[in-house]
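Only one structure is covered here, and it is reproduced in the block below.
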Amino acid sequence: GVLWLSEGEAARAANQLSSVKPPKKLEAFHGWYLGEAQAYSGQRALALKTLTKAKPGAPPSLSRRIDLRIAELQLDLGQAAKARPVLEQAAAETPTAEALLSRAYARFATGARVEAQKDLRTILIRFPTHPHAAEAMRLLSFDGTPAFTFEEQLMRAQALIAQGAPSEALSQLDGTIVPEGKDQQGGLARIALLRGQALLAKGQEADAFAQLELAMNTGRPAAAAEAMMTKARRLMRAQDHEKARALMLALDAKYPDNGNSDDAAYLGSWVSLADGKYAQAVADFDQFELRHQSSKKRDEAKW
């Protein structure tokens, strides 16, 4: 029965599992798989009964899965008020795209429209390439195209890059994005940084380096340091170790309080070792130890 279910033969799995007595001490697991098979084969009301019956004997890990599945079935069956408490907790504990969409459905169905819209916006900002993003956009479009703030547009572009959609990220960044607040230059630096990262992901190195240089020259430490590290890592992968080393050590010297400085100083020292420039590596690692005495990499650097 479990194998039929894993093959997508839900109806066949439901028939198989309902035709046999549950193995001793596996009653809860038998009920879980039977309930899943019934749910996937369209027998949602019956699945709800099966899972409700299976829950009392389930171990904690399975019990939580049963609770969530029961809530999803209740939502499908129009029992949103019953489902919402479990779906609220599930999305709070593990805010995946699936959990957020289920919670949004429950919130819409129980009149919490504003809260539901927040969940849909979160999906579009944090999980823009997930299949549920299209559904989130569809639901939000009933109220007009969602307008993202400047920060949300940057977060969405960053997520698109991280999730392997650099072209979509560039579309986001090259559209109507306008820096907000007093620090316009800082906003432009962050846009240039993300553009550079997106262009690198597309393999357009010359254009990417031009954007990273813009971010590096704005005088905004956070964006500049990140841009330097992004360029240095690309140079390192291209085996241009001397330029990578120089850029990383410059980052450490210019922005010692930035979160990238520790990695930059370590990697800048390591490339000397990798290239067999041992005297230079010793000097670099000595400097690393002096400048980064609380670093988690200190023991490795000494080694």
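Going by my numbering, the sequence shown opens with residue 299, and the numbers climb by one from there.
Glycine included, C-beta positions come from ideal geometry on N, C-alpha and C.
Every value quoted in this text rests on a predicted model; they were computed, and no experiment measured them.
Check, Outcome
"Beta strand (DSSP E) segments (min. 3 residues) lying fully within the segment 467-526", "none"
"8 Å contact criterion, which residue 493 and residue 509 should meet: CB distance rounded", "4 Å"
"Beta-carbon proximity check, residue 381 vs residue 369, cutoff 8 Å", "yes"
"Residue 545 to residue 521 span [Cα, whole Å]", "15 Å"
"Nearest neighbour of residue 415, chosen from 398, 426 and 429 [CA to CA]", "398"
"Residues of its chain near residue 478, where Cβ-Cβ distance is below 6 Å and the 5 sequence neighbours each way are ignored", "448"
"Rounded straight-line distance, which links the Cα of residue 460 to that of residue 433", "21 Å"
"Outcome for residue 516 when other beta-carbon atoms lying within 10 angstroms are tallied against a minimum of 16", "buried"
"Proximity of residue 404 and residue 373 at Cβ, strictly below 8 Å", "yes"
"Coarse secondary structure for residue 575, derived from DSSP in three states", "coil"
"Alpha-carbon to alpha-carbon, residue 394 and residue 425", "8 Å"
"Contact set for residue 523: own chain, Cβ-Cβ below 6 Å, skip 5 residues either direction", "549, 553, 556 and 558"
"Cβ-Cβ distance between residue 350 and residue 332 below 8 Å", "no"
"Given residue 590 as reference, the closest of 571, 481, 301 and 562 once Cα atoms are compared", "562"
"Closest by C-alpha distance to residue 302, when choosing among 336, 325 and 322", "336"
"Residue 307 (DSSP reduced to helix, strand or coil)", "coil"
"Own chain partners of residue 344 with C-beta closer than 6 Å, once the 5 adjacent residues on each side are dropped", "336"
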